[in-house]
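Peer 1: Before I ask anything, let me first share the structure, which is written out below as structure tokens.
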DNA sequence: GAAGTATTTAAATAATAAGATAATTAAGCA
DNA sequence: TGCTTAATTATCTTATTATTTAAATACTTC
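Protein chains in written order, with the UniProt record's numbering: chain A, 1 to 111; chain B, 1 to 111.
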């Protein structure tokens with residue numbers, strides 16, 4: 001996937017500390033809504049909405065086990081984030097910095 | 001830096017396609033507000049606001065050259081994003097997946 | 001089938017975001 | 001000084017977000 005709108009949804013979902021904390025918890029493994037809500041003083045419907053945001057961004061998937069709705073992390077969309085950052089890597093990567101400096105030096109010598 | 005609120009601002013800033021396009025342009029080098037605005041059919045004040053959002057997230061810095069306000073990319077905050085994703089890397093990393101499977105197999109054999 | 005548990009939907013509110021146009025500031029130039 | 005260019009601030013509108021409480025749904029168990 002990884003179209004523009006998908007990235008919009010992923011970054012918007014990640015822009016909230018509650019949702020990032022939920023993902024962090026899910027990195028340890030599957031969990032139900034109540035379990036995920038437990039660390040927060042927020043109401044359950046609020047958490048439910050956060051989960052829907054995460055689901056629509058495809059950062060999580062949700063199962064069905066009796067009355068439980070177990071949530072699982074979907075790492076694919078996080079991979080998309082990393083992939084997006086790759087276009088900027090050369091800016092902070094030391095090797096490329098060195099190359100940049102070499103180019104600047106070269107320019108300097110020939111102007 | 002890289003506290004929680006800073007990440008909120010960075011992800012929120014990245015959740016908009018216009019702002020991501022601006023960053024993409026700035027990856028090629030410094031640019032003024034009018035130059036950055038040129039590819040969009042949006043009004044200049046709208047772009048100005050987007051730039052302020054990017055600046056407050058510290059994704060860009062802005063200079064002063066006569067009546068121009070040249071913008072530069074600040075890669076540090078993008079580095080923070082990559083750093084944040086590191087806690088999830090093991091989930092999609094093939095080597096770790098293989099390890100996970102081995103552990104599951106082991107469990108399976110001993111239950 | 002009544003009661004309890006897990007979760008979602010509904011409805012309301014307050015805050016924030018994205019955009020527009022109009023007005024303003026600030027610098028350079030004739 | 002007055003004109004032009006670059007950019008920001010002000011104001012307004014519309015849409016979306018985060019949150020709450022109350023009600024509804026769905027499944028399990030007694």
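Cβ atoms here follow ideal geometry from the backbone N, Cα and C, with glycine treated the same way.
With H, G and I counted as helix, E and B as strand and the rest as coil, what does DSSP make of residue 128/B?
Peer 2: The structure shown does not extend to residue 128/B, since chain B is modelled only from 1 to 111, so the question has no answer here.
Peer 1: Look up residue 6/B in the DSSP assignment and say whether it is helix, strand or coil.
Peer 2: Mapped onto the second chain, residue 6/B falls at position 6. Residue 6/B falls in the helix class under three-state DSSP.
Peer 1: Roughly how many angstroms separate the alpha carbons of residue 70/B and residue 59/A, rounded to a whole number?
Peer 2: In the second chain, residue 70/B corresponds to position 70, counting from 1. In the first chain, residue 59/A corresponds to position 59, counting from 1. Cα to Cα, the separation comes out at about 36 Å.
Peer 1: I need the straight-line Cα distance from residue 84/A to residue 44/B, nearest angstrom please.
Peer 2: Residue mapping note: residue 84/A aligns to position 84 of the first chain, counting from 1. Residue mapping note: residue 44/B aligns to position 44 of the second chain, counting from 1. Answer to the nearest angstrom: the Cα atoms are 27 Å apart.
Peer 1: Identify the contact partners of residue 91/A in chain B, using a Cβ-Cβ distance below 7 Å as the criterion.
Peer 2: Start at 1 with the first residue of the first chain, and residue 91/A comes out as number 91. Within chain B, the residues near residue 91/A are 27, 73 and 75.
Peer 1: Going by the C-beta, is residue 84/B closer than 7 Å to any heavy atom of the ligand NAP?
Peer 2: Here there are no bound small molecules, and the ligand NAP is not part of this structure.
Peer 1: Any idea which residues DSSP pairs residue 46/A with across the strands?
Peer 2: Walking along the first chain from the start, residue 46/A turns up at place 46. Note: residue 46/A sits in no beta bridge, so no partner.
Peer 1: Under 8 Å between beta-carbons, which chain B residues line up against residue 24/A? List them in chain order, please.
Peer 2: Here residue 24/A refers to the residue found at position 24 when the first chain is read from its first residue. The answer, in chain order, is 87.
Peer 1: Are the CB atoms of residue 87/A and residue 27/B within a distance shorter than 8 Å?
Peer 2: Residue numbering aside, residue 27/B sits at position 27 when the second chain is read from its first letter. Residue numbering aside, residue 87/A sits at position 87 when the first chain is read from its first letter. Contact: yes.
Peer 1: With distances taken Cα to Cα, identify the nearest neighbour of residue 76/A among 54/A, 47/A and 42/A.
Peer 2: Taking the first chain and counting its residues from 1, one reaches residue 76/A at position 76. Among 54/A, 47/A and 42/A, the Cα nearest to that of residue 76/A is on 54/A.
Peer 1: Tell me which residues of the stretch 30–64 of chain A have at least one Cβ-Cβ distance to chain B shorter than 9 Å, keeping chain order.
Peer 2: The stretch 30–64 of chain A vs chain B, Cβ under 9 Å: nothing.
Peer 1: Using 8 Å as the limit for Cβ to Cβ distance, is residue 12/A near chain B?
Peer 2: The residue labelled residue 12/A in the question sits at position 12 within the first chain. By this cut-off, residue 12/A is an interface position.
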